[in-house]
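**Student:**
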Amino acid sequence: MSDILKFALFRAVELNPDAVQMLEQLLKPVVFEPRDYLIDEKKNDPRMFFLLKGQVVINKTDEKGDIVVIGKADAAFQPYFGESILLGKFSKSANVIAQSRCECMALSAEDFQAFMERFPFVVASIYRTIASLLFDRLSKANKDLLIQGIMAKSS
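When you line the sequence shown up against my numbering, it's residues 1139 to 1293, in that order.
1) Per the DSSP calculation, F1219 is bridged to which residue(s)?
2) Considering only their Cβ atoms, is the gap separating F1188 from M1254 smaller than 8 Å?
3) Looking only at C-alpha atoms, which of L1283, V1169, K1227, D1141 sits nearest to E1179?
4) Please work out which residues of its chain come closer than 7 Å, Cβ to Cβ, to G1192, disregarding the five sequence neighbours upstream and downstream, and give them in chain order.
5) Compute the Euclidean distance between the alpha carbons of L1245 and F1215, then round it to the nearest angstrom.
6) Hey, is the segment 1150-1162 in contact with the segment 1252-1267, meaning 3+ C-beta pairs nearer than 8 Å?
7) With distances taken between CB atoms, is the gap from A1211 to I1223 smaller than 8 Å?
8) Specify the secondary structure class of K1144 as computed by DSSP and reduced to three states.
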(Lines of atoms letter the chains of each structure in order from A and count residues from 1; the text may use other names and numbers.)
(Lines give C-alpha, C1' and ligand atoms only; values in the text may rest on other atoms or scores of the structure.)
Protein backbone atom coordinates (compact mmCIF):
# COMPACT_ATOMS: atom_id res chain seq x y z
CA MET A 1 0.00 0.00 0.00
CA SER A 2 1.22 3.48 -0.84
CA ASP A 3 2.32 5.62 2.13
CA ILE A 4 -0.15 8.29 1.09
CA LEU A 5 -3.12 5.94 1.45
CA LYS A 6 -2.48 5.84 5.22
CA PHE A 7 -3.85 9.38 5.43
CA ALA A 8 -7.57 9.66 6.21
CA LEU A 9 -7.94 12.30 3.51
CA PHE A 10 -7.21 9.72 0.82
CA ARG A 11 -9.12 6.67 2.08
CA ALA A 12 -11.56 6.79 -0.85
CA VAL A 13 -8.71 6.95 -3.36
CA GLU A 14 -7.63 3.37 -2.66
CA LEU A 15 -10.83 2.11 -4.30
CA ASN A 16 -9.67 3.50 -7.64
CA PRO A 17 -6.26 2.21 -8.84
CA ASP A 18 -6.05 4.88 -11.57
CA ALA A 19 -6.60 7.61 -8.97
CA VAL A 20 -3.90 6.10 -6.74
CA GLN A 21 -1.47 6.04 -9.65
CA MET A 22 -2.15 9.66 -10.59
CA LEU A 23 -1.92 10.84 -6.99
CA GLU A 24 1.42 9.08 -6.54
CA GLN A 25 2.70 10.86 -9.67
CA LEU A 26 1.48 14.26 -8.45
CA LEU A 27 2.90 14.08 -4.94
CA LYS A 28 6.46 15.38 -4.62
CA PRO A 29 8.87 14.35 -1.85
CA VAL A 30 10.16 17.21 0.30
CA VAL A 31 12.58 17.08 3.24
CA PHE A 32 12.68 19.68 6.01
CA GLU A 33 15.45 20.02 8.56
CA PRO A 34 14.85 21.01 12.20
CA ARG A 35 13.55 24.60 12.52
CA ASP A 36 12.51 24.75 8.83
CA TYR A 37 9.01 26.04 8.18
CA LEU A 38 6.78 23.58 6.37
CA ILE A 39 4.12 26.28 6.48
CA ASP A 40 4.60 29.96 7.24
CA GLU A 41 1.43 31.81 8.22
CA LYS A 42 2.80 34.96 6.55
CA LYS A 43 3.23 33.32 3.14
CA ASN A 44 0.72 32.15 0.56
CA ASP A 45 2.15 28.79 -0.44
CA PRO A 46 0.01 26.81 -2.92
CA ARG A 47 1.08 23.44 -1.44
CA MET A 48 -0.08 21.13 1.29
CA PHE A 49 2.11 18.60 3.08
CA PHE A 50 1.69 15.05 4.33
CA LEU A 51 4.10 14.19 7.15
CA LEU A 52 5.65 10.75 6.57
CA LYS A 53 8.51 10.93 9.10
CA GLY A 54 9.38 13.37 11.86
CA GLN A 55 7.74 15.73 14.32
CA VAL A 56 6.48 19.29 13.96
CA VAL A 57 5.19 22.04 16.22
CA ILE A 58 2.24 24.20 15.20
CA ASN A 59 2.10 27.79 16.39
CA LYS A 60 0.61 31.11 15.44
CA THR A 61 1.21 34.74 16.17
CA ASP A 62 -1.50 36.32 18.32
CA GLU A 63 -2.83 39.87 18.03
CA LYS A 64 -0.06 41.15 20.37
CA GLY A 65 2.65 39.57 18.21
CA ASP A 66 3.38 36.78 20.69
CA ILE A 67 3.95 33.25 19.40
CA VAL A 68 1.46 30.77 20.83
CA VAL A 69 2.04 27.02 20.49
CA ILE A 70 -1.24 25.39 19.53
CA GLY A 71 -0.08 21.83 18.99
CA LYS A 72 2.49 19.25 18.07
CA ALA A 73 2.26 16.46 15.54
CA ASP A 74 4.13 13.25 14.88
CA ALA A 75 4.23 11.34 11.60
CA ALA A 76 2.91 8.26 13.41
CA PHE A 77 -0.53 9.93 13.39
CA GLN A 78 -0.49 10.78 9.62
CA PRO A 79 -0.95 14.54 9.98
CA TYR A 80 -1.32 16.82 7.00
CA PHE A 81 -1.10 20.60 6.80
CA GLY A 82 -2.19 23.31 4.41
CA GLU A 83 -5.37 21.59 3.28
CA SER A 84 -6.95 24.99 2.61
CA ILE A 85 -5.25 24.85 -0.81
CA LEU A 86 -7.71 22.11 -1.74
CA LEU A 87 -10.43 24.73 -1.31
CA GLY A 88 -8.58 27.36 -3.33
CA LYS A 89 -7.35 29.26 -0.25
CA PHE A 90 -3.59 29.81 -0.12
CA SER A 91 -3.38 31.89 3.04
CA LYS A 92 -2.31 29.96 6.12
CA SER A 93 -3.73 30.16 9.63
CA ALA A 94 -0.66 28.89 11.52
CA ASN A 95 3.02 28.02 11.24
CA VAL A 96 4.15 24.41 11.01
CA ILE A 97 7.81 24.05 11.99
CA ALA A 98 9.99 20.94 11.82
CA GLN A 99 11.23 19.78 15.22
CA SER A 100 13.24 16.96 13.69
CA ARG A 101 14.17 15.97 10.17
CA CYS A 102 10.82 15.65 8.41
CA GLU A 103 10.05 13.71 5.27
CA CYS A 104 6.87 14.85 3.55
CA MET A 105 4.94 14.55 0.36
CA ALA A 106 3.74 17.84 -1.12
CA LEU A 107 0.66 18.37 -3.26
CA SER A 108 0.22 21.63 -5.14
CA ALA A 109 -3.11 23.31 -5.75
CA GLU A 110 -2.49 23.09 -9.49
CA ASP A 111 -1.87 19.34 -9.32
CA PHE A 112 -4.94 18.84 -7.14
CA GLN A 113 -7.00 20.73 -9.73
CA ALA A 114 -5.81 18.28 -12.41
CA PHE A 115 -6.66 15.36 -10.11
CA MET A 116 -10.09 16.85 -9.42
CA GLU A 117 -10.88 17.18 -13.12
CA ARG A 118 -10.00 13.56 -13.75
CA PHE A 119 -11.55 12.02 -10.60
CA PRO A 120 -14.44 14.23 -9.41
CA PHE A 121 -16.18 11.45 -7.47
CA VAL A 122 -13.02 10.67 -5.49
CA VAL A 123 -12.57 14.38 -4.79
CA ALA A 124 -16.14 14.56 -3.43
CA SER A 125 -15.09 12.07 -0.74
CA ILE A 126 -11.94 14.12 -0.01
CA TYR A 127 -14.10 17.23 0.44
CA ARG A 128 -16.40 15.36 2.85
CA THR A 129 -13.35 14.44 4.93
CA ILE A 130 -12.16 18.06 4.94
CA ALA A 131 -15.63 19.30 5.93
CA SER A 132 -15.69 16.87 8.85
CA LEU A 133 -12.21 17.98 9.95
CA LEU A 134 -13.19 21.65 9.77
CA PHE A 135 -16.37 20.98 11.74
CA ASP A 136 -14.35 19.22 14.46
CA ARG A 137 -11.89 22.14 14.63
CA LEU A 138 -14.73 24.66 14.82
CA SER A 139 -16.41 22.68 17.60
CA LYS A 140 -13.16 22.59 19.58
CA ALA A 141 -12.60 26.32 19.05
CA ASN A 142 -16.15 27.04 20.27
CA LYS A 143 -15.59 24.93 23.40
CA ASP A 144 -12.27 26.69 24.04
CA LEU A 145 -13.94 30.11 23.72
CA LEU A 146 -16.71 29.04 26.09
CA ILE A 147 -14.18 27.87 28.66
CA GLN A 148 -12.22 31.13 28.32
CA GLY A 149 -15.44 33.10 28.84
CA ILE A 150 -16.34 31.12 31.96
CA MET A 151 -12.82 31.54 33.36
CA ALA A 152 -12.85 35.29 32.65
CA LYS A 153 -16.19 35.70 34.48
CA SER A 154 -14.98 33.76 37.53
CA SER A 155 -11.81 35.81 37.99
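We put the CB at the ideal spot given by N, CA and C, even for glycine.
**Tutor:** With the structure as the only source:
1) F1187, per the DSSP bridge assignment.
2) The Cβ atoms of M1254 and F1188 do not sit closer than 8 Å to each other.
3) The option with the nearest alpha carbon to E1179 is K1227.
4) A1213, A1236, S1238, R1239, C1240, E1241, listed in sequence order.
5) Straight-line measurement puts the Cα of F1215 at about 19 Å from the Cα of L1245.
6) Judged by Cβ distances under 8 Å, the segment 1150-1162 makes contact with the segment 1252-1267, as three or more pairs qualify.
7) Cβ distance not < 8 Å, so A1211 and I1223 don't count as in contact.
8) Helix at K1144.
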